[in-house]
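Q:
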Ligand SMILES: Cc1cc2nc3c(=O)[nH]c(=O)nc-3n(C[C@H](O)[C@H](O)[C@H](O)COP(=O)(O)OP(=O)(O)OC[C@H]3O[C@@H](n4cnc5c(N)ncnc54)[C@H](O)[C@@H]3O)c2cc1C
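Numbering (full-length UniProt numbering), first residue to last: 1 to 474.
Take a look at the structure:
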């Protein structure tokens with residue numbers, strides 16, 4: 001089958017990859033001139049990379065890790081020490097760590113929490129542990145039911161002291177969905193905690209050794225094209241053209257730079273676009289259908305990613321850092337963490353600014369000035385004197401609608417990959433899969449969509465003819 005896929009983010013590319021494995025021919029059509037969607041990256045005039053987001057790969061990402069294996073690029077993941085490092089706002093320039101020993105789960109996680117005495121007192125740890133018991137006993141079913149509560153509400157319900165939220169979960173909530181615990185659904189945090197506590201290496205983190213566009217998306221494109229598929233940049237879908245029965249007749253591609261519009265036809269069509277542009281593009285006859293109406297419950301959350309180049313080294317830490325700053329979320333000195341960005345003499349900090357709703361419309365200069373004021377607290381030894389570290393240059397990337405905002409009650413609005421339209425499927429991190437809005441979620445959704453398409457074809461052809469070979473879904 002020829003399958004037209006709208007969008008070359010991780011979900012669209014993974015879907016195309018698994019379709020080629022199943023013997024189909026995908027054609028991926030990407031609106032922009034760059035691969036990767038929310039993992040897209042660009043090179044500036046000095047040859048330095050800057051990215052849509054600071055991206056961390058976790059041990060708890062089975063589908064992503066399997067994809068690296070299948071592409072034979074596992075050596076591109078730079079695994080870091082098994083620890084989580086938090087800034088200590090009361091004592092600027094210092095850190096507190098949760099070190100995971102080399103023991104089976106959940107013992108390694110429990111030891112990591114019990115050994116950390118900077119952030120939580122023993123009574124706080126015990127009250128939090130007791131609060132978690134229903135999630136541990138009842139597993140994912142309970143975690144899904146808790147989607148009705150924000151994490152702040154859940155902590156109160158479980159009698160967990162407010163300081164636990166302030167010390168640990170503001171940072172975690174901002175890292176997971178770019179919003180605070182009073183906004184985030186409990187399902188998001190409890191899902192992450194479950195994975196981190198149940199899998200020995202679940203919370204172990206890796207950085208890619210270069211830009212995601214070159215080091216992850218390009219190998220996917222090579223894999224797809226070597227097997228007869230196609231990936232086209234600068235091909236924005238303008239409209240889904242319909243047959244009289246409401247099924248898709250073609251994708252209308254907007255002609256750029258004066259070129260004519262073009263119709264791409266296929267046997268099956270997939271939207272790998274984010275939910276916000278998809279909602280705008282839904283054809284009139286589909287809009288009244290309950291399946292598509294549910295998408296109104298989902299909306300992308302704003303986030304800002306900053307890159308700051310300095311004239312000296314600010315830190316030697318080779319890991320992700322939780323800033324615990326009201327302005328910022330996580331950050332890393334990419335000159336230490338990423339092989340291709342390495343520099344022994346100068347730091348390049350990549351920082352996520354979240355929540356970003358009050359900042360997304362401000363100028364880059366205002367955003368950088370506010371960030372620099374925060375860095376004076378994070379690195380007091382390098383600022384505030386005559387010999388302060390100098391900012392050499394910066395890039396600010398704003399994403400006004402990034403991953404869907406995971407407020408309470410969102411799970412019911414996440415659509416399946418199969419739609420009521422026989423030849424039209426959805427893929428993307430917002431579609432229903434158990435890894436929420438993440439790179440792992442995007443890859444898993446792509447695989448699930450490819451499996452659904454392969455299954456539908458299996459129904460149409462005789463068993464002997466169909467030799468569908470899809471990798472199993474962990
Ligand atoms: C700042 C930031 C930090 C993040 N950090 C992490 C992290 O540390 N770990 C993690 O796991 N995840 C992280 N994420 C989330 C992760 O990037 C996303 O979940 C994932 O990349 C989404 O992939 P996707 O394919 O579903 O969507 P997208 O990447 O959004 O892909 C959709 C594609 O569709 C294209 N498109 C849109 N409209 C059209 C059209 N009309 N025609 C053709 N194409 C179109 C877009 O250009 C885009 O390429 C982060 C995200 C951000 C923004």
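Quick reminder that beta carbons are idealized off the backbone N, C-alpha and C, glycines included.
Everything numeric in this text was worked out from a predicted model, so none of it was measured.
#1: Taking only three categories from DSSP, how would you classify residue 17?
#2: Measure from the alpha carbon of residue 71 to the alpha carbon of each residue in 219, 20 and 321, then state which is nearest.
#3: Do the segment 183–197 and the segment 316–329 meet, that is, are 3 or more Cβ pairs less than 8 Å apart?
#4: Three-state secondary structure (DSSP) at residue 465?
#5: Please state the DSSP three-state secondary structure of residue 364.
#6: Looking at ligand 1, does it come within less than 6 Å of residue 30, judged from the CB to the closest heavy atom?
#7: What is the DSSP secondary structure of residue 213, reduced to helix, strand or coil?
#8: Should residue 395 be listed as close to ligand 1, given that the test is whether its C-beta is under 6 Å from any heavy atom?
#9: Pop quiz: residue 26 and residue 224 are said to be a contact at Cβ under 8 Å. What is the actual Cβ separation, rounded to whole angstroms?
#10: What does the alpha-carbon distance come out to for the pair residue 139 and residue 194?
#11: Three Cβ pairs or more, each shorter than 8 Å: is that satisfied between the segment 333–345 and the segment 386–404?
#12: What is the DSSP secondary structure of residue 42, counted as helix, strand or coil?
#13: Note down the Cα distance separating residue 278 from residue 240, rounded to an integer number of angstroms.
#14: Can you tell me whether residue 434 is buried or exposed? The criterion is at least 16 other CB atoms within 10 Å of its CB, across all chains shown.
#15: Whole angstroms is fine: what's the gap from residue 178's alpha carbon to residue 90's?
#16: Relative to ligand 1, is the shortest distance from any of its heavy atoms to the C-beta of residue 303 smaller than 6 Å?
#17: Locate the beta strand (DSSP E) running through residue 201, then write down its first and last residues.
#18: Which of the three DSSP states is assigned to residue 471 in this structure?
#19: Does the beta-carbon of residue 276, which I'm using as the reference point, lie nearer than 6 Å to any heavy atom of ligand 1?
#20: Would you say the beta carbon of residue 352 is closer than 6 Å to some non-hydrogen atom of ligand 2?
#21: Any chance you could list the alpha helix (DSSP H) runs of at least 4 consecutive residues sitting entirely within the segment 341–389, in chain order?
#22: To the nearest angstrom, how far is the alpha carbon of residue 362 from that of residue 174?
#23: With H, G and I counted as helix, E and B as strand and the rest as coil, what does DSSP make of residue 111?
#24: Taking DSSP as the reference, what is the three-state secondary structure of residue 158?
#25: In the DSSP assignment, find the beta strand (DSSP E) that holds residue 26 and state where it starts and stops.
#26: Assign residue 262 to one of three DSSP states: helix, strand, or coil.
#27: Going by alpha carbons, who is nearest to residue 143 out of 370, 170, 192 and 80?
#28: By how many angstroms is the C-alpha of residue 161 removed from the C-alpha of residue 150?
#29: Residues in its own chain within less than 6 Å of residue 79 by CB, not counting five upstream and five downstream?
#30: The beta strand (DSSP E) spanning residue 310 covers which residue range?
#31: Mind reading off the beta-carbon distance from residue 453 to residue 67? Whole number of angstroms is fine, and I expect it under 8 Å.
#32: Leaving out the 5 sequence neighbours to the left and right, which residues in its chain are closer than 6 Å to residue 51 when beta-carbon positions are compared?
#33: Could you give the distance in angstroms between the alpha-carbon of residue 367 and the alpha-carbon of residue 359?
#34: Taking 7 Å as the cut-off, decide whether the C-beta atoms of residue 104 and residue 200 are in contact.
#35: Give the single residue among 348, 181, 4 and 28 whose Cα lies nearest to the Cα of residue 222.
A: With the structure as the only source:
#1: On the chain shown, position 17 is the one that residue 17 refers to. Helix at residue 17.
#2: Sequence index remark: in the chain shown, residue 71 carries index 71 (1-based). Measuring from the Cα of residue 71, the nearest candidate turns out to be 219.
#3: no
#4: As a first step, residue 465 must be located in the chain shown, where it is residue number 465. Because residue 465 carries a pLDDT of 42, less than 50, the predicted location of this residue cannot be relied on, and no value is offered for it.
#5: Reading the chain shown from its first residue, position 364 is the one you call residue 364. Residue 364: helix per DSSP, three-state reduction.
#6: The residue labelled residue 30 in the question sits at position 30 within the chain shown. Result yes, Cβ under 6 Å from ligand 1.
#7: Counting from 1 along the chain shown, the entry for residue 213 is found at position 213. Of the three classes helix, strand and coil, the one that applies to residue 213 here is helix, per DSSP.
#8: Numbered from 1 along the chain shown, position 395 holds the residue referred to as residue 395. It does not: the Cβ of residue 395 is nowhere closer than 6 Å to a heavy atom of ligand 1.
#9: The count along the chain shown starts at 1 and reaches residue 26 at position 26. The count along the chain shown starts at 1 and reaches residue 224 at position 224. Right, the Cβ-Cβ distance comes to about 6 Å (below 8 Å), so this counts as a contact.
#10: Your numbering for residue 139 matches position 139 in the chain shown. Your numbering for residue 194 matches position 194 in the chain shown. Taking the straight line joining both Cα atoms gives about 8 Å.
#11: no
#12: For the purposes of this step, residue 42 is identified with residue 42 of the chain shown, where counting begins at 1. It is a strand residue.
#13: By 1-based counting over the chain shown, the position of residue 278 is 278. By 1-based counting over the chain shown, the position of residue 240 is 240. Their backbone Cα atoms lie some 10 Å apart in a straight line.
#14: Residue mapping note: residue 434 aligns to position 434 of the chain shown, counting from 1. The residue is exposed, with fewer than 16 neighbouring Cβ atoms inside 10 Å.
#15: For the purposes of this step, residue 178 is taken as residue 178 along the chain shown, with counting starting at 1. For the purposes of this step, residue 90 is taken as residue 90 along the chain shown, with counting starting at 1. Roughly 23 Å separates the two Cα atoms.
#16: Here the question's residue 303 lines up with position 303 in the chain shown. Within the cutoff, so yes.
#17: Reading the chain shown from its first residue, position 201 is the one you call residue 201. That residue, residue 201, is in no beta strand (DSSP E); it is neither H nor E in DSSP.
#18: By one-based count along the chain shown, residue 471 stands at place 471. Residue confidence is low: residue 471 scores 47 on pLDDT, short of 50, so the model does not pin down where it sits. No coordinate-derived value is stated.
#19: As a position in the chain shown, residue 276 is number 276, starting the count at 1. Flag unset: Cβ of residue 276 not near ligand 1.
#20: This structure simply doesn't include ligand 2; it includes ligand 1 instead.
#21: 364–378
#22: What you label residue 362 is simply residue 362 of the chain shown in a count that begins at 1. What you label residue 174 is simply residue 174 of the chain shown in a count that begins at 1. Taking the straight line from one Cα to the other gives about 20 Å.
#23: Numbered from 1 along the chain shown, position 111 holds the residue referred to as residue 111. Note: residue 111 maps to helix in three-state DSSP.
#24: Locating residue 158 in the chain shown gives position 158, where the first residue counts as 1. Coil at residue 158, not helix or strand.
#25: By 1-based counting over the chain shown, the position of residue 26 is 26. Start and end: 25–29.
#26: Position 262 of the chain shown, counting from 1, holds the residue named residue 262. In the structure shown, residue 262 sits in a strand (DSSP, three-state: E or B).
#27: Numbered from its first residue, the chain shown carries residue 143 at position 143. Nearest of 370, 170, 192 and 80 to residue 143, Cα basis: 192.
#28: For the purposes of this step, residue 150 is taken as residue 150 along the chain shown, with counting starting at 1. For the purposes of this step, residue 161 is taken as residue 161 along the chain shown, with counting starting at 1. Each residue's Cα considered, the two are about 16 Å apart.
#29: By one-based count along the chain shown, residue 79 stands at place 79. Here the set comprises 206.
#30: For this step, residue 310 is matched to residue 310 along the chain shown. Per DSSP, residue 310 belongs to the beta strand (DSSP E) from 303–310.
#31: Here residue 453 corresponds to residue number 453 of the chain shown, with the count starting at 1. Here residue 67 corresponds to residue number 67 of the chain shown, with the count starting at 1. Rounded, the Cβ-Cβ distance is 18 Å, inconsistent with contact.
#32: Start at 1 with the first residue of the chain shown, and residue 51 comes out as number 51. Closer than 6 Å at Cβ, skipping near neighbours: 41.
#33: Against the chain shown, residue 367 aligns to sequence position 367. Against the chain shown, residue 359 aligns to sequence position 359. Approximately 7 Å, taken between the alpha carbons.
#34: As a working mapping, residue 104 is identified with position 104 in the chain shown. As a working mapping, residue 200 is identified with position 200 in the chain shown. Going by C-beta atoms, residue 104 is nearer than 7 Å to residue 200.
#35: Mapped onto the chain shown, residue 222 falls at position 222. Among 348, 181, 4 and 28, the Cα nearest to that of residue 222 is on 28.
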